[in-house]
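Enquirer:
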Amino acid sequence: MIYHIYWGTAGNAGLYLDEIYQTLKSEGFEQEVFVSHYYPFNYGRKVFFKWTELGHCSKLGKLRNPIRYIELIYALFVIYIKILRRKPQIVNYSFIGVFTPVLLFLKLIKKTTKCKLILTCHDVMPFANNYQTLSKQEKMRKKAFQMADYLLTHNQNSAKELHHSFGIPTQKILRHSFPIMDMNILFHQHAATDNKCDFLFLGHLRKEKGVEVLMEAWKLFHDKHPDAQLCVAGHAPFGFDTAPYKDMNILFKLQFLSDEQYYSLASSAKCIVLPYIKGTNSGVVSTLVTLGKCVITSDLEMFQSNPLLDKNLMFESGNHQSLFNLMEMVYENKHEKAETEDLVEKYRSSFRKEVVELYNKIYDISPAGH
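Numbering (this note's numbering), first residue to last: 2 to 371.
(1) State the DSSP-derived secondary structure class of residue 32, mapped to helix, strand or coil.
(2) Kindly identify the DSSP beta-bridge partner or partners of residue 297.
(3) Quick check on residue 39: does DSSP put it in helix, strand or coil?
(4) On the CB-based measure, 16 or more other CB atoms within 10 Å of its CB, does residue 4 come out buried or exposed?
(5) Check whether the Cβ atoms of residue 159 and residue 125 lie closer than 8 Å to each other.
(6) Would you report the Cα separation of residue 89 and residue 116, rounded to the nearest angstrom?
(7) Can you check which of these residues, 259, 86 and 147, is closest to residue 54 by C-alpha distance?
(8) Taking 6 Å as the limit between beta carbons, can you name the residues of its chain near residue 211, skipping five residues before and five after?
(9) If we require 4 or more residues per run, which alpha helix (DSSP H) segments fall completely within the stretch 112-187?
(10) Indicate whether residue 315 and residue 305 have their beta-carbon atoms separated by less than 8 Å.
(11) Which residues in the same chain have their Cβ closer than 6 Å to the Cβ of residue 10, if we skip the five residues on either side of it in sequence?
(12) What are the residues that DSSP puts in a beta bridge with residue 357?
(13) Based on the DSSP secondary-structure assignment, which residues constitute the bridge partners of residue 46?
(14) For residue 91, which three-state DSSP category applies?
(15) Using beta-carbon positions only, say whether residue 310 and residue 298 come within less than 8 Å of one another.
(16) Within the stretch 222-288, note down every full beta strand (DSSP E) run reaching 3 residues or more, in order along the chain.
(17) If you measure between the beta carbons of residue 286 and residue 307, is that distance less than 8 Å?
(18) In chain order, what residues of the same chain lie with their CB nearer than 6 Å to the CB of residue 296, ignoring the 5 residues before and after it?
(19) Can you grab the Cα-Cα spacing for the pair residue 355 / residue 151, in whole Å?
(20) Three or more C-beta pairs under 8 Å: does that hold for the stretch 137-150 against the stretch 92-106?
(21) Kindly indicate which three-state DSSP category residue 370 falls into: helix, strand or coil?
(22) Which same chain residues end up closer than 6 Å to residue 119 when comparing Cβ atoms and leaving out the 5 residues on each side of it in sequence?
(23) Compute the distance between the beta-carbons of residue 271 and residue 199, then report whether it is under 8 Å.
(24) Given a threshold of 16 other Cβ atoms within 10 Å of its Cβ, counted over all protein chains shown, does residue 69 qualify as buried or as exposed?
(25) Can you tell me where the alpha helix (DSSP H) holding residue 16 begins and where it ends?
(26) Would a C-beta distance cut-off of 8 Å place residue 48 and residue 79 closer than the cut-off?
(27) Relative to the C-alpha of residue 226, which residue among 26, 332, 146 and 182 is closest?
(28) Residue 255 to residue 248, Cα distance in whole Å?
(29) May I ask which residues mark the beginning and end of the alpha helix (DSSP H) holding residue 332?
(30) Which residues in the same chain as residue 174 place their Cβ atom closer than 6 Å to its Cβ, once the five residues preceding and following it in sequence are excluded?
(31) Quick check: what's the CA-CA separation for residue 75 versus residue 23?
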């Protein structure tokens, strides 16, 4: 029995776990999933964040964080009792945030059960500047990593960080590719927005995602192509100032985006730009390629190692002139668009093989014994 525990599975994010679950189910693995109340599929134990899931909760204001904390503790308690009763062989906890209740939960599993504990590391240490001086959060993260029997990553970059930055032995680090997250499964009946744009940035406007690089490139681009439109959509940090970009034909949608809004914007854009300057993993790629969109990225290793991306559409990270040149090439249709359908299916087939082989390795028994 495998227990998958992942509280970040509302809406589109649920596609991540469903792809893994369905792959293992097809091979006879017995599983149970513990997910958000807004997991978009009709199976699984929905225990996380009924009241505080962003985009679904009423305006709780300052009460949201403490209520969410209580919801987290309650869900982990329910799961722990279930583990004690059912005694699964494998517990896979998707590690997307470290809190004291999470550390306690993991410690209890290690001390009181015989489960093999896997931590899936979606991003080992997001946007860290200095690995030599660990912050309190990073020290807690290291404690969690050291408790696990295995650390599961989705690319070689994360595996390197676990080993070199946290001292995790390489034999404890496992890897399978990031699953395809096809939003068409959930929203194929939704029409694209009428507000079509030439270039689109989607996501939280953190500095590490290179928004400032995009803005500098757009100043050059707008001077040469004043009719072209850029859309910047996603939650913006406090103090983000749009005033310097007035009259530059930029549509700002600085808000939390529902999955439907995300899908509609991505479907209608001609080209999507991911100008990240830091990071080790990005799940957004496996969503965007299923929409058949042109995707421009920086040349960070996490993008270079992704077989779903066109290497000819990568610019020098942090270099706005390099980004401008690439945007102009795409805008003037000087780039031959790659066919993505066969590429996605080939990737998905390889992913499924990797997942089955990995869990067979963990069990160290024949498939008939699942």
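C-beta atoms are modelled at their ideal positions from N, C-alpha and C, and glycine is treated no differently.
Expert: Reading off the structure:
(1) Stepping through the sequence shown from its first residue, residue 32 is reached at position 31. DSSP places residue 32 within a strand segment (E or B) once states are collapsed to three.
(2) Position 296 of the sequence shown, counted from the first residue, corresponds to residue 297. Answer is 274, bridged to residue 297.
(3) The sequence position of residue 39 within the sequence shown is 38, counting from 1. Per DSSP, reduced to three states, the secondary structure at residue 39 is coil, with no helix or strand assignment.
(4) The sequence position of residue 4 within the sequence shown is 3, counting from 1. With 16 or more other CB atoms across the displayed protein chains lying within 10 angstroms of its CB, residue 4 is buried.
(5) Start at 1 with the first residue of the sequence shown, and residue 159 comes out as number 158. Start at 1 with the first residue of the sequence shown, and residue 125 comes out as number 124. Cβ atoms of residue 159 and residue 125: closer than 8 Å.
(6) Translated into the one-based positions of the sequence shown, residue 89 becomes position 88. Translated into the one-based positions of the sequence shown, residue 116 becomes position 115. Those two C-alpha atoms are separated by around 6 Å.
(7) As a first step, residue 54 must be located in the sequence shown, where it is residue number 53. Relative to residue 54, the option among 259, 86 and 147 whose CA is nearest is 259.
(8) Position 210 of the sequence shown, counted from the first residue, corresponds to residue 211. Taken in chain order, the residues that qualify are 276, 277 and 278.
(9) With a minimum length of 4 residues, the continuous alpha helix (DSSP H) runs that stay inside the stretch 112-187 are 137-148 and 157-167.
(10) The sequence position of residue 315 within the sequence shown is 314, counting from 1. The sequence position of residue 305 within the sequence shown is 304, counting from 1. For residue 315 and residue 305, yes; Cβs fall inside 8 Å.
(11) For the purposes of this step, residue 10 is identified with residue 9 of the sequence shown, where counting begins at 1. Here the set comprises 18, 36, 37 and 40.
(12) Residue numbering aside, residue 357 sits at position 356 when the sequence shown is read from its first letter. Looking at the DSSP output, residue 357 shares a beta bridge with no other residue.
(13) By 1-based counting over the sequence shown, the position of residue 46 is 45. DSSP, once it has assigned bridges, lists 35 as partnering residue 46.
(14) Numbered from its first residue, the sequence shown carries residue 91 at position 90. DSSP places residue 91 in the strand class (E or B) of the three-state scheme.
(15) Indexing the sequence shown from 1 puts residue 310 at position 309. Indexing the sequence shown from 1 puts residue 298 at position 297. In this structure, residue 298 lies closer than 8 Å to residue 310 by Cβ.
(16) As far as the stretch 222-288 is concerned, its whole beta strand (DSSP E) runs of at least 3 residues are 231-234, 251-254 and 272-275.
(17) For the purposes of this step, residue 286 is taken as the residue at position 285 of the sequence shown. For the purposes of this step, residue 307 is taken as the residue at position 306 of the sequence shown. Yes.
(18) Locating residue 296 in the sequence shown gives position 295, where the first residue counts as 1. 273 and 289, listed in sequence order.
(19) Counting from one through the sequence shown, the residue named residue 355 turns up at place 354. Counting from one through the sequence shown, the residue named residue 151 turns up at place 150. Using only the alpha carbons, I get a separation of about 16 Å.
(20) Three or more beta-carbon pairs drawn from the stretch 137-150 and the stretch 92-106 are found closer than 8 Å, and the two stretches are therefore classed as touching.
(21) Position 369 of the sequence shown, counted from the start, is the residue given in the question as residue 370. Residue confidence is low: residue 370 scores 45 on pLDDT, short of 50, so the model does not pin down where it sits. Its coordinate-derived value is still stated next. Helix, per DSSP.
(22) If you number the sequence shown from 1, residue 119 lands on position 118. Excluding positions up to five away in sequence, the list reads 93, 151 and 153.
(23) By 1-based counting over the sequence shown, the position of residue 271 is 270. By 1-based counting over the sequence shown, the position of residue 199 is 198. Yes, the pair counts as a contact, with Cβ atoms nearer than the cut-off.
(24) As a working note, residue 69 is residue 68 in the sequence shown. It counts as buried.
(25) Here the question's residue 16 lines up with position 15 in the sequence shown. Taken as a continuous stretch (DSSP letters only), the alpha helix (DSSP H) holding residue 16 covers 15-27.
(26) Here the question's residue 48 lines up with position 47 in the sequence shown. Here the question's residue 79 lines up with position 78 in the sequence shown. Against a cut-off of 8 Å, the Cβ pair of residue 79 and residue 48 comes out as a contact.
(27) By one-based count along the sequence shown, residue 226 stands at place 225. Ranking 26, 332, 146 and 182 by Cα distance to residue 226 puts 332 first.
(28) Start at 1 with the first residue of the sequence shown, and residue 255 comes out as number 254. Start at 1 with the first residue of the sequence shown, and residue 248 comes out as number 247. Rounded to whole angstroms, residue 255 to residue 248 spans 17 Å at the Cα level.
(29) Looking up residue 332 in the sequence shown gives position 331. In this chain, the alpha helix (DSSP H) harbouring residue 332 covers 321-332.
(30) Here residue 174 corresponds to residue number 173 of the sequence shown, with the count starting at 1. Same-chain partners within the cutoff: 152, 160 and 163.
(31) Working through the sequence shown from its first residue, we reach residue 75 at position 74. Working through the sequence shown from its first residue, we reach residue 23 at position 22. Rounded to the nearest angstrom, the two C-alpha atoms are 27 Å apart.
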